[in-house]
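If you use numbering that gives the first Met the number 0, the sequence shown corresponds to residues 0 to 64, in order.
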Amino acid sequence: MPDEGNRPVSPLALAVLLLLVLVTLLLAGGVGYVAHRHAALAVPITAAGMAVALVVACLGLIAVR
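Okay, structure coming up:
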């Protein structure tokens with residue numbers, strides 16, 4: 000069997016990963032800010048954590064495919 004564990008990572012894949020991390024952080028910050036300004040919505044840290052978990056779950060499904 001060929002060894003697939005040592006493939007080099009392309010710069011494009013690293014750039015996409017960096018952008019996904021930045022967008023996730025931006026989304027979490029936005030949700031946290033909205034939840035902070037409107038306290039009846041949710042606790043800010045919990046709302047931001049749920050947003051991050053949702054994005055990670057979607058990316059996991061895409062990566063498995």
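For each residue, glycine too, the CB sits at the ideal point set by N, CA and C.
Spatial neighbours of residue i within its chain, please: CB distance less than 8 angstroms, with the 5 preceding and 5 following residues excluded, ordered by chain position.
| i | result |
| --- | --- |
| Gly28 | Ala47 |
Can you have a look at residue i and say buried or exposed, based on whether 16 or more other CB atoms are within 10 angstroms of its CB?
| i | result |
| --- | --- |
| Gly59 | exposed |
| Val30 | buried |
Following the continuous alpha helix (DSSP H) through residue i, name the residue where it begins and the one where it ends.
| i | result |
| --- | --- |
| Arg6 | Run containing Arg6: none; DSSP gives neither H nor E here. |
| Ala62 | Pro43 to Val63 |
In chain order, what residues of the same chain have a beta carbon less than 7 angstroms from the beta carbon of residue i, not counting five sequence neighbours either side?
| i | result |
| --- | --- |
| Leu19 | Leu58 |
> At a cut of 8 angstroms, does the region 11-27 reach the region 42-55 through at least three beta carbon pairs?
Replying inline: Counting Cβ pairs under 8 angstroms, three or more are found: they touch.
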